[in-house]
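Right, one structure below, let's go through it.
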Amino acid sequence: TSTLMDDFNSSIDIDKRLIEEDISVTSAHVKALTKLKVISKKEALTIQKGLISILNDNKKGKLKFSKKNEDIHMNVEFFLYEKIGEVAKKIHTGRSRNDQVATDTRLWTIKASKVLKNEIKKLMKSILNQALTNEKTIIPGFTHLQVAQPVSLAHHLIAYLEMFKRDIDYFDFCIEKTDENVLGSAALAGSNYNLDLNMINKNLNFTKSKNNSMDGVSDRDFCMYFLHASSLTAIHLSKLSSELIIWSSNFMKLFNINSEYSTGSSIMPQKRNPDSLELIRSKTNSIRTKSLEFSNIISNLPLTYFKDFQEDKRIIFDCYDELLSCVQVMKNVIMKSKFEKSIGKEICNNYFATATDLADYLVIEKKIAFRESYKIIADIVNYAQKNNKNLSEMKIKEYQKFQKVIDKNIYKYVDIDNSLSRKKTSMSTNPKEISRMIKKYIKYLKV
Ligand code: ARG
């Protein structure tokens, strides 16, 4: 191969990250070959020692990876040859890089999913903490970014706990699907050696082996699951970051971002910009493109292995690195920043957030049909807006101009706190339901 091709074809700069997985896989394979007496016990000992010494060299940063040796598999074989000589030439018996790389990548994906799950849990703990300190903080719930109805800030935050819990479930699904050992598939047709697959599975912590060798070397669905789970986590993070950016604006002031995670302007001395959140928003949007990029690579490929698959690692590694940093930064932003406790209630008052409750007052206490009461309250809100009043500032006489039967009880429905406890359904912002959910998450997150 030409040097231009060596450079083009080589994946070592990227897949050297698989060195630990690759060595575990080789070590398990050598044990199976030893059981078959293809490799003697003495040779096996030499090989295993050689592999351990490569791992140590790697930890010390002593390994010199070479592009001429193409990828991590050939590099490790070469390092082993340098250490133990001719015996190293036996390790690739009865296997192929096709089953080897798929197995390495599966092991990495399971490991990465577990790390991400753990980091998402830490983020959830920081959200839960804010929910605990803000059970009684009232904010306006929005639809169309317009003030809709009062909710507890904890209720709003628990919505994110639900999202991130689904992400954890998705990573669990990814782990379950990735937990299939490909070794024994060899190039595509299966191995000519009766490798003890149960033994290999035990060694590598796989629950089972692949059912079909051709599917084994060409199945990259597990990468798609990983990218999809990451995409959804990214979507949830971008929703949260957009929201907090809006909440931290001078006009809303619901969220006060910690100065460690915001930056100033080079010219405007008064500024504090939510850069951390803006970067999370842009990075998470780029994470979402990765599942599309990879599905383009694996679409339209006949069976079985193609070099196209080599690109999987670049994509899943990038996805992991970016997502991990976004989750960690978001965790710290939430942990260190403050939600403003009083401003939300004021916004609710100024923007008629309990108008729905008033409509229900007429239904419940005065037996007026909802469409009718809706119209009456809409007229009242219009009147209040024109006269620069909020609902609690309206006199009872003013209310009665719109409907004679209205009495003083209406003020109970104007009250913001009452609005929350008036909610009856299990998923509502009723304080009782919120403390039930908080308890549920304290248990789930083992706080
Ligand atoms: N570096 C390759 C990859 O990542 C390993 C498999 C090579 N197999 C082959 N038949 N050329 O996919």
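Those letters in the sequence shown? Residues 585 to 1031, per this note's numbering, in order. Note that the Cβ used here is the ideal one computed from N, Cα and C, for glycine as well.
On the criterion of 16 or more Cβ atoms from any shown chain inside 10 Å, does residue i qualify as buried, or is it exposed?
i, result
"GLN684", "buried"
"HIS820", "buried"
"ASN884", "exposed"
"LYS709", "buried"
"MET1031", "Looking at the sequence provided, one finds Val at residue 1031 rather than Met. Counting Cβ neighbours within 10 Å, VAL1031 comes out exposed, since fewer than 16 surround it."
"ASP803", "buried"
"THR1013", "buried"
"HIS613", "buried"
"ARG955", "exposed"
"ILE631", "buried"
"VAL989", "exposed"
"PRO734", "buried"
"VAL660", "buried"
"LEU887", "exposed"
"GLN912", "exposed"
"ASN765", "buried"
"ASP599", "buried"
Secondary structure at residue i, three-state DSSP: helix, strand or coil?
i, result
"LYS648", "coil"
"ASN640", "helix"
"LYS837", "coil"
"THR873", "helix"
"ALA732", "strand"
"PHE755", "helix"
"PRO1015", "helix"
"THR689", "helix"
"ASN857", "strand"
"ILE960", "helix"
"SER793", "strand"
"THR721", "coil"
"LYS867", "helix"
"PHE890", "coil"
"LYS705", "helix"
"LYS922", "strand"
"PHE726", "strand"
"THR847", "strand"
"ASN765", "strand"
"ALA715", "helix"
"ASN880", "helix"
"THR817", "helix"
"ASP739", "According to the sequence shown, residue 739 is His rather than Asp. It is helical."
"PHE901", "helix"
"SER595", "coil"
"SER1010", "coil"
"ALA771", "coil"
"TYR997", "helix"
"ILE952", "coil"
Assuming residue i contacts residue j under a Cβ cut-off of 8 Å, what Cβ separation, rounded to an integer in Å, is found between them?
i, j, result
"SER793", "LEU781", "5 Å"
"ILE1084", "MET783", "The structure shown does not extend to residue 1084, since the chain spans only 585 to 1031, so no value can be given for it."
"CYS807", "ILE900", "5 Å"
"GLY928", "ILE723", "3 Å"
"SER697", "ILE603", "No, SER697 and ILE603 are not in contact; Cβ-Cβ is about 19 Å, not under 8 Å."
Please report the distance separating the alpha-carbon of residue i from that of residue j.
i, j, result
"SER825", "ALA818", "10 Å"
"SER1019", "HIS739", "9 Å"
"LEU907", "ALA770", "33 Å"
"LEU1029", "PHE810", "22 Å"
"GLU654", "ALA616", "26 Å"
"VAL965", "ALA953", "18 Å"
"VAL947", "LYS979", "21 Å"
"MET1011", "ILE931", "24 Å"
"TYR967", "LYS1016", "35 Å"
"LEU691", "ARG601", "12 Å"
"GLN984", "SER814", "56 Å"
"TYR945", "LEU741", "29 Å"
"LEU707", "SER595", "34 Å"
"ASN787", "PRO853", "60 Å"
"ALA628", "GLY669", "13 Å"
"MET658", "LEU828", "48 Å"
"LEU737", "ASP688", "44 Å"
"PHE662", "SER608", "16 Å"
"GLU605", "ASP799", "21 Å"
"SER850", "PRO858", "15 Å"
"GLY848", "SER860", "12 Å"
"TYR1025", "THR717", "14 Å"
"SER976", "ASP1001", "13 Å"
"LYS701", "GLU949", "49 Å"
"TYR845", "ASN776", "58 Å"
"VAL731", "TYR744", "19 Å"
"PHE748", "LEU639", "36 Å"
"ASP991", "LYS925", "32 Å"
"ASN880", "TYR754", "22 Å"
*Residues whose Cβ lies closer than 5 Å to any heavy atom of the ligand ARG, in chain order*: SER595, ASP655, ARG681, VAL685, PHE893, GLN894
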